[in-house]
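One structure below.
In the working numbering, the protein residues as written are 3 to 357.
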């Protein structure tokens, strides 16, 4: 058993000096080239990568996302490169259909023993047949009434993946209390999920979103509250803090998401002054176009550094980046500084397959 040295406490969190740190990132198919370039230029940082390549069908089967011509985004050479550099490949399987989260289909799957079995088998087969290290589950937009059914499903999937020698990471909505304030987080029992899965990846962003009106995507005070609550429900080594690398450009009450590169091009193109909001530890600016006022809140290296400090204070096991490609170059020195404060490059081990 590892010795845990408590070196400080802040606002309900305890910093455990013995915790090793992991960094994962989502490689999305719609920006795959830039995302992979970011990984390849920073191999020393990453322990895991989750390519966003697969989706679940209404019948429980898992299939790749495809181009208009039917080609998949799967890249065996990319996977081989990552594995050669000792980076685990844990692809994300999501329930996005035509740009929308299809919670209804997943709800039917997890509430039907037959469909649930199909989905579990398909997920395990995907991991085993492609030689992946596990599955990153991202099933969103479920009703609150599915809380128990989702737990049952996660347990069954975790058991099956572990038997095959694979890992399970589960993405969950951010919240600061149980069961949560709306149906998404209410459908996810953090303690039960943590008991089964290898990682609980907390999406600590979307505090303000496309239709909420302008504001920080992940204000630092709220992020701390989310991590503090996580420490009360999830073992510290299983907590993975989701870091946003994007922002929104709001006009007329509606926002469009942009990565840092696009956001800074907007600021330069419109001669906008980028401001720093100390309360939320977030950058923002205003500009006008075609007679309409825009407000932009986004993330950069400084805001990421503030969130990494919160992760350190709360002693979480790792961070995951949503998403790779077009991020602030200042992200990388912030991550290297964070990794430098604890043992570098730990690896979560794949479970041994059972006979």
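Virtual Cβ for every residue (Gly too), placed ideally from N, Cα, C.
Every value quoted in this text rests on a predicted model; they were computed, and no experiment measured them.
In this structure residue 149 is buried. Its beta-carbon is surrounded by 16 or more other beta-carbon atoms within 10 angstroms. Bounds of any alpha helix (DSSP H) do not take in residue 184, whose DSSP letter is neither H nor E. Within the stretch 287–336, the complete alpha helix (DSSP H) segments at least 4 residues long are 303–316, listed from N- to C-terminus. Less than 9 Å separates the beta-carbon of residue 180 from that of residue 192. The beta carbon of residue 227 is closer than 8 Å to those of 178 in its chain, skipping five residues each way along the sequence. Judged by beta-carbon spacing, residue 138 lies within the 9 Å limit of residue 203, meaning their Cβ atoms are closer than that value. One alpha carbon belongs to residue 320, the other to residue 100, and they sit about 31 Å apart. Apart from the 5 residues on each side of it in sequence, residue 89 sits with its Cβ closer than 6 Å to the Cβ of 48 and 51 in its chain, given in chain order. Nearest neighbour of residue 195 by Cα position, chosen from 272, 330, 154 and 37, turns out to be 154. When DSSP states are grouped into helix, strand and coil, residue 71 belongs to the coil group.
C-alpha of residue 314 to C-alpha of residue 230: approximately 12 Å in a straight line. Taking the C-beta atoms as reference points, residue 44 is found nearer than 9 Å to residue 337.
Beta-bridge partners assigned by DSSP to residue 102: 99. In the three-state scheme derived from DSSP, where H, G and I count as helix and E and B as strand, residue 277 is classed as strand. Note that the C-beta distance between residue 144 and residue 105 is below 9 Å.
Contact between the stretch 275–291 and the stretch 214–228 is established, with three or more Cβ pairs separated by less than 8 Å.
In this structure residue 289 is in contact with residue 272, their Cβ atoms being roughly 4 Å apart against a cut-off of 8 Å.
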